[in-house]
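Below is one structure, written out as structure tokens, with a few remarks after it.
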Amino acid sequence: MAYDNAEQLEEFRVEARKWLEENCPPSMRTPMADDEVVWGGRNATFKNPESKLWLDRMGEKGWTSPEWPKEYGGGGLTRAEARVLEQELRRIKARPPLFSFGLWMFGPALLEFGNHEQKLRFIPDILKGKTRWCQGYSEPGAGSDLAGLQTRCEDKGGHYLINGQKVWTSYADRADWIFCLVRTDTSAKHEGISFILFDMKSPGVEARPIQLISGESPFCETFFTDVKVPKDQLVGRLNGGWDIAKRLLQFERSSISAGGFGGTGGSGILGPEDYAKQHIGTDEAGRILDGDLRGRITDHRMYAKAFSLTVQRQTEQAKAGQAVGHTASILKYGAAKMNQDRHELLIEALGTEGLGWDGEGFDKNAKKVTRQWLRSKGNSIEGGTSEINLNVIAKRVLGLKEHQ
Amino acid sequence: MSFVLTEDQEMLRETAMSLVQGELPVSHLRALRDKGANGNDPETRRKLAELGFFGVIIPDEPGAETFGLVGLGQILEAQGRTLAATPLLQTALIAACALQLGGTPAQKAEWLPKIAAGEATFALALDESAHFSPYTIATEAERDGQGFTLNGLKKYVPDGHYADVFIVAARTFGEAGDRHGISLFLVPSTAKGVTVTALKTVDSHGAAHISFEDVHVPDAALIGPADQGADILDPVIDRAAIGMSAEMLGSAQAAFDMTLDYLNNRKQFGQLIGSFQSLQHRAAKMFVELEMTRSCVAAALGAVDAGKADVAELASLAKAKAGELVHLVSNECVQMHGGIGMTDAAEPGFYMKRARVQEALYGSASWHRDRYARLNGF
């Protein structure tokens, strides 16, 4: 159904509002506690039973990704309708029903590069949160130089055989399936890479969590030893995986910058200016007493505002059909800087209150800030380092030449 | 918030871009400088008037649609690209805004058509010290029975060296620094007691110190109510800062394009210097700043036209970001051009000199950062 005039769009709004009123459980309209985030998957647990209800209902409707095609279980909405739905969800402060690399990164790429059977097989389960995906990209010897990856994938006639190691695989220990970059030709670099999918329960797959400076373990080292993969799980053509990989990185960078990085804000965490007022104090005019810190907080606040205006501008221009090319790298670079600056300022404004690690004697939210500050250091590394993003901008956007 | 131009605004932008590129390139400013014109060029004004650029925000009849500040912003951005010296900011923006926001029906009827036709030029006589501080006004306007008598000195008034009429901020009550007690007056440059001292400025645009010695003006010269001039001045300054930000965006974009071109042509060590990563990353960072600033300027222009409540905040955001941007890009432009960048024969120097003037007028980046923090409650 296409609604091409305002009246029809209003009809859709009324319908959507009514459906949400009837189907969004009450607790799903409250701020989400950190331990109630839903990632789905076959081993999913739901601390709050209403989270499951909400996911099932939204998934059934295809509204976990409202614009994906109906034939694969998506919502089939137009851009305009999807915006209306977004507004209606925001109006009732509805929680996102599902956090998912499948929704944000893999699904969009599969819809572009996968064949019909693959889409039918994988997309509906992404939408319903039944399969949790992880990303097999980086390797110990292939970080920024991703195309240097060495994980071998050999054609054994009836199947592929995979041997090698991935690293920084987010939540590999909890994922059901992996979308993975593998080397299918050792005589070429970029042209020797393929994009393949397999079940994490396959014999020969092992994921080991890595403990980070923040104390958390969101990433794994993942080992593949003689993993057999059916041939119909190769996406695109053999040795044609690099184009899919790059496209998927754009989705990844966009989702990272759109979210301003997970962990920003969060319930109960204030802005650096609030902590500075609280812990340093203000003069009679309400200005933060430390003038230098006040200036740097202002710089950051302006950067953050300029960033969100840029996201808005690019969205509007894209909608109006004006080319904006390679914005993902610009936004990813900006989002990393913004989130890291914010956390440095939060820690600085909190003073020693922001330097607690565990146990008594520190404010609960301050301890959360401390962990997020440490976590934010990864923002300029994951999904393409800031330096790689600057390379992309210089070469692809500004047209500067390769060093000879 | 609209970040997409209307068709009319798009056409206006194209017209302005082709005017500055075709007829007002940097070499035009250089020629004016070399013959000592000090940024005063009647021929440029005639061309702008022909294209209707002075009347972009003045409705043909009350209530009629205009191109809006978004439209005027496109022209100012264009003139920023080639550093063209024009009276548009002072006359088409500041004077038109001040009169529309606070002018009496008689003042509007007399001046708005003349502004729109390019028949009268204005200059806002505001600053009295070397730093922007809009309420620090000591120039006095004393009631004298038939009107007011003005005494004081205004410094570095842009276009002050050739404007026909000054909009003078003077004190009718209180002390320098008070917001209350400021009044705005229309004063002809030919009035008795007005002395205009033309200044040769670093950017070759010129400006003037203007002294007022027992200058008499009638009651009819008062814009808006006496003592409450700040209620007009504040929104006028916000709009001036936003207009200047648009101009700065244009200058930064042009200096950046010129630098990029140089990086793609100059060879050292048998390589294009633009293939060196240290220069690539600096260029990429400038580009990110350019894109961010473009969003801020567009948002501020749009907010004025939409009558949004956050105009002041966005004005400070735009002026501070544009100030930082044009500062960075003009410096990098000189640096990346190497020795050539230090020569008068090349253009980078023109951009750097103009940038510092743009940065100083209507509040430096640090002035606006401070205001942004205040507006946000810290």
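Residue numbers (this note's numbering), protein chains in the order written: chain A, 28 to 431; chain B, 1468 to 1845.
Idealized CB from N, CA, C, for every residue including glycine.
Given the structure is predicted, the values throughout are model-derived calculations rather than measurements.
- DSSP places A:P151 inside the alpha helix (DSSP H), whose first and last residues are 143-154.
- Close to chain B, meaning a Cβ-Cβ distance shorter than 8 Å, are the following residues of the segment 308-333 of chain A: T309, A312, G313, R314, I315, R321, G322, I324, T325, D326, R328, M329, Y330, K332, A333.
- B:L1620 sits in a strand when the DSSP states are folded into three classes.
- Of the residues B:L1730, B:G1710, B:A1770, the one whose Cα lies closest to the Cα of B:G1805 is B:L1730.
- Within chain A, no C-beta atom comes nearer than 8 Å to that of B:Y1829; the closest sits roughly 17 Å away.
- The beta carbon of B:K1788 sits closer than 8 Å to some beta carbon of chain A.
- Per the C-alpha coordinates, the member of B:E1791, B:H1835, B:K1820, B:L1757 positioned closest to B:V1778 is B:H1835.
- Only residues of its own chain outside the window of five on either side were considered, and among them I1709, C1763, A1766, A1767, A1770, K1775 have a CB closer than 8 Å to the CB of B:L1781, listed in chain order.
- Under the Cβ criterion of 8 Å, A:A347 is counted among the residues facing chain B.
- Nearest CB-CB separation between A:T397 and chain B: not below the 8 Å threshold.
- The C-alpha of A:R210 lies about 32 Å from the C-alpha of A:A71.
- Checking the DSSP bridge columns, you'll see A:C161 partnered with A:I205.
- Residue state for A:H370 is assigned as helix, using DSSP reduced to three classes.
- No Cβ of chain A is located within less than 8 Å of the beta carbon of B:E1799.
- Interface residue (Cβ-Cβ distance to chain B less than 8 Å): A:I357 is classified as such.
- With contact defined as three or more Cβ pairs closer than 8 Å, the segment 241-250 of chain A and the segment 212-224 of chain A are not in contact.
- Within its own chain, the residues whose Cβ lies closer than 8 Å to the Cβ of A:Q192, once the five positions on either side in sequence are excluded, are E166, P167, T178, E248, T249, F250, F251, listed in chain order.
- Of the residues assessed, B:H1672 falls on the buried side of the cut-off, its CB having 16 or more other CB atoms within 10 angstroms.
- Contact of B:T1603 with chain A is not assigned, every C-beta pair being separated by 8 Å or more.
- If you draw a straight line from the Cα of B:G1614 to the Cα of B:D1594, it comes to about 23 Å.
- If you ignore the 5 residues before and after A:L36, its C-beta comes within less than 8 Å of the C-beta of Y30, A107, E108, V111, all in its own chain and listed in chain order.
- Judged by beta-carbon spacing, B:L1617 lies within the 8 Å limit of B:A1637, meaning their Cβ atoms are closer than that value.
- As a beta-bridge residue in DSSP terms, B:R1638 pairs with B:E1607, B:I1649.
- Here the segment 1677-1684 of chain B does not lie against the segment 1733-1752 of chain B, with fewer than 3 beta-carbon pairs under 8 Å apart.
- Here B:G1503 is exposed: its Cβ has fewer than 16 other Cβ atoms, across all protein chains shown, within 10 Å.
- Interface annotation for the segment 373-390 of chain A against chain B: empty, criterion Cβ-Cβ distance under 9 Å.
- At a C-beta separation below 9 Å, A:Q339 has these neighbours in chain B: M1468, F1470, S1762, A1766.
- Beta-carbon to beta-carbon, A:V262 and A:F222 are separated by about 5 Å, close enough to satisfy the 8 Å threshold.
- Relative to B:D1611, the option among B:G1627, B:P1572, B:D1686 whose CA is nearest is B:D1686.
- Separation of B:Y1829 and B:M1711 (C-alpha to C-alpha, rounded to the nearest whole angstrom) is 8 Å.
- Residues of chain B whose Cβ lies closer than 7 Å to the Cβ of A:E429 are, in chain order, S1742.
- Among the residues of the segment 1660-1680 of chain B, none has a Cβ less than 9 Å away from any Cβ of chain A.
- For B:G1844, a Cβ of chain A is located within less than 8 Å of the residue's own Cβ.
- In the structure shown, the three-state DSSP call for B:N1505 is coil.
- Taking a cut-off of 8 Å on C-beta distances, the segment 358-373 of chain A does not touch the segment 1474-1483 of chain B, as fewer than three cross pairs fall below it.
- For A:L382, the secondary structure class from DSSP, reduced to helix, strand or coil, is helix.
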